[in-house]
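Quick notes on the structure that follows.
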Amino acid sequence: MLERFHVPEDIAVRVNQEDMRATLVDIFTKLGMPKNDADQSADVLMYADIRGVESHGVSNMMRAYVAGFQEGTINPNPKTRIVREAAAVCTIDSDQGLGLVVGPQAMNEAIERADKYGIGSVSVTNGRHFGAAGYHAAMALEKDMIGIAMTTGGVTVVPTHGAERLVGLNPIAIAAPTRNEPPFIFDASMSSVAGNKITLAKRLGVKAMPGWIAQSDGTPLMDETDIPEDYMILPLGGTREVGSHKGYSLAVMIEILSGVLSGGAAGPHRRAGASHHFVAYKIDAFTDVDGFKDDLDQYMKSLTESKPAPGHDRVTYAGLPEHEEEKERLENGIPYHPEVIDWFRSISAELELPARL
Numbered sequence: 331m332l333e334r335f336h337v338p339e340d341i342a343v344r345v346n347q348e349d350m351r352a353t354l355v356d357i358f359t360k361l362g363m364p365k366n367d368a369d370q371s372a373d374v375l376m377y378a379d380i381r382g383v384e385s386h387g388v389s390n391m392m393r394a395y396v397a398g399f400q401e402g403t404i405n406p407n408p409k410t411r412i413v414r415e416a417a418a419v420c421t422i423d424s425d426q427g428l429g430l431v432v433g434p435q436a437m438n439e440a441i442e443r444a445d446k447y448g449i450g451s452v453s454v455t456n457g458r459h460f461g462a463a464g465y466h467a468a469m470a471l472e473k474d475m476i477g478i479a480m481t482t483g484g485v486t487v488v489p490t491h492g493a494e495r496l497v498g499l500n501p502i503a504i505a506a507p508t509r510n511e512p513p514f515i516f517d518a519s520m521s522s523v524a525g526n527k528i529t530l531a532k533r534l535g536v537k538a539m540p541g542w543i544a545q546s547d548g549t550p551l552m553d554e555t556d557i558p559e560d561y562m563i564l565p566l567g568g569t570r571e572v573g574s575h576k577g578y579s580l581a582v583m584i585e586i587l588s589g590v591l592s593g594g595a596a597g598p599h600r601r602a603g604a605s606h607h608f609v610a611y612k613i614d615a616f617t618d619v620d621g622f623k624d625d626l627d628q629y630m631k632s633l634t635e636s637k638p639a640p641g642h643d644r645v646t647y648a649g650l651p652e653h654e655e656e657k658e659r660l661e662n663g664i665p666y667h668p669e670v671i672d673w674f675r676s677i678s679a680e681l682e683l684p685a686r687l
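Here the sequence shown is numbered in the working numbering, starting from 331 and rising by one per residue.
Pasting the structure below:
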C-alpha cells in the first residue's frame, strides 16, 4: 500500500495483534456471533492489518460491521444454503451473513470441489462485505491450488465518459503458490483507488491524487486536491487516455461474475446486498505441482532481481511487500491511528466489554 496511507510513526499506537484479535472476538460475540464465527471474522481482519492492508482492516471496517449488526442489516447467525449446483459449481444464499464468515465457507466449498473435479467455482448471493479479497484467494495456497476471489463493492464508480455512479468498486484477488519465494497474491479493486482508502486519506489528511476521483458532473480531477464532499471514484486507469475503459470493463466483468451469475443482479439494480465469486484450480489437474512452483519461483525471482528504473531501489510483485510487512508487524506490533484506538475503547465501553487496548 502507498506510504501516504500509512499512519505516521510519530503518532501511531502500536498494538500487539493478539490484543486486537481478542478485542474483535469480544465485540463480534457480544453482537450475537457464535464464537467460531467471531474467531473467523477476526482472522480475516487481522490478515489485512498484519499485511499492511489498512483499507480492509479494523480501522475502517469494524465501524461498518458494528453498525450493520446494530441496525439489523447483517445477520450474526446466518443459515447459509446451496440453492443451485452442478458437479464443480454451486450458488450459495448467504442469508445476509457477514462475508468474513461466509466467504471462507464458500472458498472451502470451491476448494473441495476442485479437489474432486480439478476446478471448483462458487457464487454467493444475498451477502455482506467480505473483507480483504486476498484472504479468501490465499486459502487455496496450502492445498496447492490457485485461488480467485471477487466481490461487488459499493456502487461509487463512474463509467468512463459517464456522470453517474453505476459501477461497483469490485475487487478481485488471485493467489498462486510458490516454493521458496513469497506467494503471488494480487488483490485490488477495479477502481482508480479503493473506496476505503478515501476514508483513510480523510483520516490522515491526505489529498486525492490526480485521476482518483471525478467531480459531481463526471469531470476527472487531474490535479492533487482536497477530497470534496461530493465526488465519484474513477475506474482503474483514471481517464480514457490512460486506460480507464479497461478498468471500467473489468469492474463490469466482476458485476457479471459475482452479481448477475449468482442471481443478485448488478450495479444499482442489485437485489440482495453483496455478491461474491470464488474459484479454485487444482494445479496437479493441469500440470505437475513441483514444476509449477519451481517455474513460478524462477519468474518471481527474475522480477525482483531485474534492473529498477531511475529513482527506485528495486522491483517487487504482488504479495511481496505485504509478506515483508507481515514480518515487521508481527515483531513490532500493528500501527493504528489514535482515533481508531479511541473508537475501540469507546465501543468496548458501550458494549460493556473488557478494555484490552
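Idealized CB from N, CA, C, for every residue including glycine.
Keep in mind it's a predicted model, so treat the numbers as computed, not measured.
query, result
"DSSP state of His642, grouped into three classes?", "coil"
"Do you know how far the Cα of Glu415 is from the Cα of His336?", "43 angstroms"
"Do the segment 495-503 and the segment 519-526 make contact, defined as three or more Cβ pairs closer than 8 angstroms?", "yes"
"Spell out the partners DSSP gives Asn405 in its beta bridges.", "Gly427"
"Where Ala397 and Leu660 are concerned, what is the direct C-alpha to C-alpha distance, given to the nearest angstrom?", "29 angstroms"
"Just the Cα atoms here: how many angstroms apart are Asp373 and Met437?", "15 angstroms"
"Count the other CB atoms, across all protein chains shown, that sit within 10 Å of the CB of Glu554; report buried if there are 16 or more and exposed otherwise.", "exposed"
"Would you grab the beta carbon distance between Thr359 and Ala368 for me? Rounded to a whole angstrom, and I think it's under 8 angstroms.", "5 angstroms"
"Find the nearest neighbour of Val454 within the set Met469, Pro651, Asp425, judged by alpha-carbon distance.", "Asp425"
"In terms of DSSP beta bridges, what is Met475 paired with?", "Lys612"
"Curious, which full-length beta strand (DSSP E) runs of at least 3 residues does the segment 533-572 contain?", "none"
"Within the same chain, show all residues whose beta-carbon is closer than 7 angstroms to that of Asp627, passing over the 5 residues directly before and after it, in chain order.", "Thr508, Arg509, Asn510, Glu511"
"Helix, strand or coil for Ala368? Go by DSSP, reduced to three states.", "helix"
"Counting beta carbon pairs with one atom in the segment 558-571 and one in the segment 529-548, are three or more of them shorter than 8 angstroms?", "yes"
"Could you tell me which of Ile441, Ala417, Arg533, Arg570 sits nearest to Val670, measuring between CA atoms?", "Arg533"
"Helix, strand or coil: which one does DSSP assign to Thr353?", "helix"
"Can you give the Cα-Cα distance for Glu658 and Gly464, rounded to whole angstroms?", "19 angstroms"
"Who are Val343's beta bridge partners in DSSP?", "Tyr666"
"Contact check, Gly589 vs Ala596 under 8 angstroms by CB: the rounded distance?", "4 angstroms"
"I'd like to know if the segment 444-462 and the segment 486-495 are in contact, where contact means that at least 3 CB-CB pairs between them fall below 8 angstroms.", "no"
"Any contact of the segment 393-410 with the segment 468-484, i.e. 3+ C-beta pairs under 8 angstroms?", "no"
"When we look at the beta-carbon of Ile412 and count the other beta-carbons within 10 Å, is it buried (16 or more) or exposed?", "exposed"
"Give me the residue from Gly663, Leu683, Pro684, Arg675 with the minimum Cα distance to Val343.", "Gly663"
"Beta-carbon within less than 7 angstroms of Pro406's beta-carbon, same chain only, minus the 5 sequence neighbours each way: which residues are those?", "Leu361, Gly362, Met363, Phe399"
"Considering only the alpha carbon of each residue, which of Asp672, Asn346, Thr482 lies closest to Pro286?", "Residue 286 falls outside the range modelled here, since the chain spans only 331 to 687, and no answer is possible."
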